[in-house]
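A.B. asks:
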Amino acid sequence: GGAAWQAVRGIEGIFIANRAVVDRGQDLDAAEERFDAQAEAVEGAPEDPRPLDEASGGDSSVTVPSRQLFAVRTYISVDMGLAWQPLAVQAKRTLAGVGAGCEPSRACRLHLAHWTSCVTAPGLLAGVGSAGTRLAQDPARLRVFVSRDAGLAWRPVLEGAHAVAFLGHGDALAAVPDASPGTLLYSTDAGASWESIAAVPQGGGAAGALAAQGLFTHPLHSTWQAFVALARDGESGLRLVGLDLSQVLTRDCVPPGDPAQGASDFETWSPADALEDAHTSKRPVCLRGVRTHYVRRRQDRACKTGGLLGKAPLGLRRDASCQCSASDWSCDAGFHRVAYTAGAPCEPYEGVSRPNVSELCASAASGQVRVTRGYARPPGNRCRGGLDLSPRVEPCPRSGRLLGALRPGPTLALAALAALLPAA
Numbered sequence: 001g002g003a004a005w006q007a008v009r010g011i012e013g014i015f016i017a018n019r020a021v022v023d024r025g026q027d028l029d030a031a032e033e034r035f036d037a038q039a040e041a042v043e044g045a046p047e048d049p050r051p052l053d054e055a056s057g058g059d060s061s062v063t064v065p066s067r068q069l070f071a072v073r074t075y076i077s078v079d080m081g082l083a084w085q086p087l088a089v090q091a092k093r094t095l096a097g098v099g100a101g102c103e104p105s106r107a108c109r110l111h112l113a114h115w116t117s118c119v120t121a122p123g124l125l126a127g128v129g130s131a132g133t134r135l136a137q138d139p140a141r142l143r144v145f146v147s148r149d150a151g152l153a154w155r156p157v158l159e160g161a162h163a164v165a166f167l168g169h170g171d172a173l174a175a176v177p178d179a180s181p182g183t184l185l186y187s188t189d190a191g192a193s194w195e196s197i198a199a200v201p202q203g204g205g206a207a208g209a210l211a212a213q214g215l216f217t218h219p220l221h222s223t224w225q226a227f228v229a230l231a232r233d234g235e236s237g238l239r240l241v242g243l244d245l246s247q248v249l250t251r252d253c254v255p256p257g258d259p260a261q262g263a264s265d266f267e268t269w270s271p272a273d274a275l276e277d278a279h280t281s282k283r284p285v286c287l288r289g290v291r292t293h294y295v296r297r298r299q300d301r302a303c304k305t306g307g308l309l310g311k312a313p314l315g316l317r318r319d320a321s322c323q324c325s326a327s328d329w330s331c332d333a334g335f336h337r338v339a340y341t342a343g344a345p346c347e348p349y350e351g352v353s354r355p356n357v358s359e360l361c362a363s364a365a366s367g368q369v370r371v372t373r374g375y376a377r378p379p380g381n382r383c384r385g386g387l388d389l390s391p392r393v394e395p396c397p398r399s400g401r402l403l404g405a406l407r408p409g410p411t412l413a414l415a416a417l418a419a420l421l422p423a424a
């Protein structure tokens, strides 16, 4: 099998990865049962003890195609890859009538073909994929999904395969349907509602013969220009159509003062909020040793962010350090976790023995050595205090006895040194 991952822009330590396994009808990976069990704990839903395919209830929308060459599944990590869990998806239909494509069960997980995020709209992601036991190969089963909590939970917003991109600092989401590439859809409320404009001008030919090859925007998603690459049957080359959506929002947002008071068009948000809701203790949840709050535009405010946030969200973020916990420690060199779950200990790789103090002391320049416990704190983790799994300091046995003999006083020290010197 193989995996490909991408970091969520603007949110430190959150990764989304696709894992592809060659499917020959075997039990693809027993570890996936642990992934699912962890996801049930996060989502607060009872675990379905039935096999994944049986748990689909026979729903044709989640039936796995017979002998699909690759089984592709999508996972998310909120701690730089320490632990992974499946993507949660809202199975019930939205107010617009868009459904995820499967009934609520352990088999109803989201798997993405591609996704995008925007550094100036922290926590906002859009992706194209399918819900079920694996990513569907049939384009007719694909949908557009949106997340506002950095990828922890997703909801369907459009049916069918689309190319998607963010515009205007994340104030708008644009989508070009594969079935109708001559039309561009846009939403200014994170996919809750959509409007459409023609991507091909009148007299530009039959749109039915066109195929969308891509949707392109500024790399920082800071402008309102979108470019649709189109190809026509029987013709070579691509046709690039430029669209300016700068007039879809006419009002500038009220600058953020104290977003908690609701006086502006902005709100404070933390990626730990969704995790905190999953814990009955309601204790603060920290990511990479800090609890971070960002400032972002409210979903229902039809206004332009523009340059109000500067290099948002980095300019207005607030960090509060947390005590170190097990989730702040990754495995040291030579160690690994057998299961990719937060509670799994770091164990030596097969054939690798634990560090030996005597062997380390043989090459030590000082009278002590640092012996790993199997853990290391990743770079960038800013936790303070709490659980300490850093290497322990051990005195070297031979140096320890010598130092012990030297401690009583200067007379004994001189005698010990004289005994070590060669006779004149």
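Residue 1 is where the sequence shown starts when you use UniProt numbering, and the numbers rise one by one after that. Every residue gets a Cβ at the ideal spot worked out from N, C-alpha and C, and that includes glycine.
1. Would you tell me roughly how many angstroms separate the C-alpha atoms of R141 and D149, rounded to the nearest one?
2. Taking P86 as the reference, which of G127, A153, H221 has the closest Cα?
3. Can you say whether T220 is buried or exposed, counting buried as having 16 or more other CB atoms within 10 angstroms of its CB?
4. How would you write the range of the alpha helix (DSSP H) that E359 sits in, first residue to last?
5. Alpha carbon to alpha carbon, what distance is there between R297 and P156?
6. Give the straight-line distance between the Cα atoms of F266 and L124, rounded to the nearest whole angstrom.
7. Note down the Cα distance separating G385 from A121, rounded to an integer number of angstroms.
8. What does the Cβ neighbour count give for A30, buried or exposed, with the cut at 16 atoms within 10 Å?
9. What separation, rounded to the nearest whole angstrom, lies between the Cα atoms of L52 and A88?
10. Determine the contact status of R301 and A320, defining contact as a CB-CB distance below 7 Å.
11. If you follow the beta strand (DSSP E) that E235 is part of, which residue opens it and which one closes it?
12. Any idea if T133 is buried or exposed, counting beta-carbon neighbours within 10 angstroms, 16 or more meaning buried?
13. Could you have a look at G214 and say whether DSSP puts it in helix, strand or coil?
14. Determine the DSSP secondary structure at A83, reduced to helix, strand or coil.
15. For S130 and P177, I'd like the C-alpha separation in whole angstroms.
16. T250 bridges to which residues according to DSSP?
17. Please look up how many angstroms separate the CB atoms of I16 and G151, rounded, as I've assumed it's under 8 Å.
18. For R141, which of helix, strand or coil comes out of DSSP?
19. For Q26, count neighbouring Cβ atoms within 10 angstroms of its own Cβ and tell me buried if that reaches 16, exposed if not.
20. May I have the straight-line CA-CA distance separating residue 451 from L135, to the nearest angstrom?
21. Find out if the Cβ-Cβ distance for the pair V128, V144 is shorter than 7 Å.
22. Is the CB-CB distance between P181 and L245 below 7 Å?
23. Given a cut-off of 7 Å, decide if G214 and A163 are closer than it, judged by their beta-carbon atoms.
24. Quick one, are the C-beta atoms of F227 and G242 less than 7 Å apart?
25. According to DSSP, which residues form a beta bridge with E350?
26. Hey, could you find the ends of the beta strand (DSSP E) Q368 is sitting in?
27. Start and end of the beta strand (DSSP E) containing Q11?
28. Cβ atoms of L167 and A175: under 7 Å apart, would you say?
29. Check whether the Cβ atoms of C361 and V371 lie closer than 7 Å to each other.
30. Which residue or residues does DSSP assign as beta-bridge partners of G127?
31. Which of helix, strand or coil does DSSP assign to D332?
32. Measure the alpha-carbon distance for W115 versus A211 and round it to whole angstroms.
33. What's the call for I197, buried or exposed, on a 16-neighbour Cβ count within 10 Å?
34. Please report how far the alpha carbon of H111 lies from the alpha carbon of A376, in whole angstroms.
35. Can you tell me the Cα-Cα spacing of E347 and A20, whole angstroms?
36. Run through DSSP, which three-state label would residue 512 get?
C.D. replies: For this structure:
1. 24 Å
2. Considering only alpha carbons, the answer is A153.
3. Note that residue 220 corresponds to Leu in the displayed sequence, not to Thr. The residue in question, L220, is exposed, as its Cβ has fewer than 16 Cβ neighbours within 10 Å.
4. Element bounds for E359: 357-362.
5. 21 Å
6. Going from the Cα of F266 to the Cα of L124 covers about 14 Å.
7. 32 Å
8. Since pLDDT at A30 reaches only 47, below the 50 mark, its modelled position is unreliable, and no value is offered.
9. Residue placement at L52 is flagged as unreliable, the pLDDT there being 38, under the threshold of 50; the coordinate-derived value follows with that caveat. So the two alpha carbons sit approximately 15 Å from each other.
10. no
11. Segment: none, E235 is in no beta strand (DSSP E) and carries neither H nor E.
12. With 16 or more other Cβ atoms within 10 Å, it is buried.
13. strand
14. Three-state DSSP puts A83 in coil, outside helix and strand.
15. 15 Å
16. According to DSSP, which records beta bridges pairwise, T250 is partnered with nothing at all.
17. About 6 Å separates the beta carbons of I16 and G151, which is inside the 8 Å limit, making them a contact pair.
18. helix
19. The predicted position of Q26 is uncertain, since its pLDDT is 45 and thus under 50; a value taken from the coordinates is nonetheless stated next. Classification for Q26: exposed.
20. The requested residue 451 is not part of the displayed model; the chain covers only 1 to 424.
21. yes
22. no
23. yes
24. yes
25. Looking at the DSSP assignment, E350 forms no beta bridge with any residue, so it has no partner.
26. 368-371
27. It is worth fixing the name first, because residue 11 is Ile in this sequence and not Gln. Per DSSP, I11 belongs to no beta strand (DSSP E) and is neither H nor E.
28. no
29. no
30. W115, F145
31. Of the three classes helix, strand and coil, the one that applies to D332 here is coil, per DSSP.
32. Roughly 20 Å separates the two Cα atoms.
33. exposed
34. Whole-angstrom Cα-Cα distance: 31 Å.
35. When rounded, the distance between both Cα atoms is 25 Å.
36. Nothing can be reported for residue 512: it is not among the residues displayed for the chain, which extend from 1 to 424.
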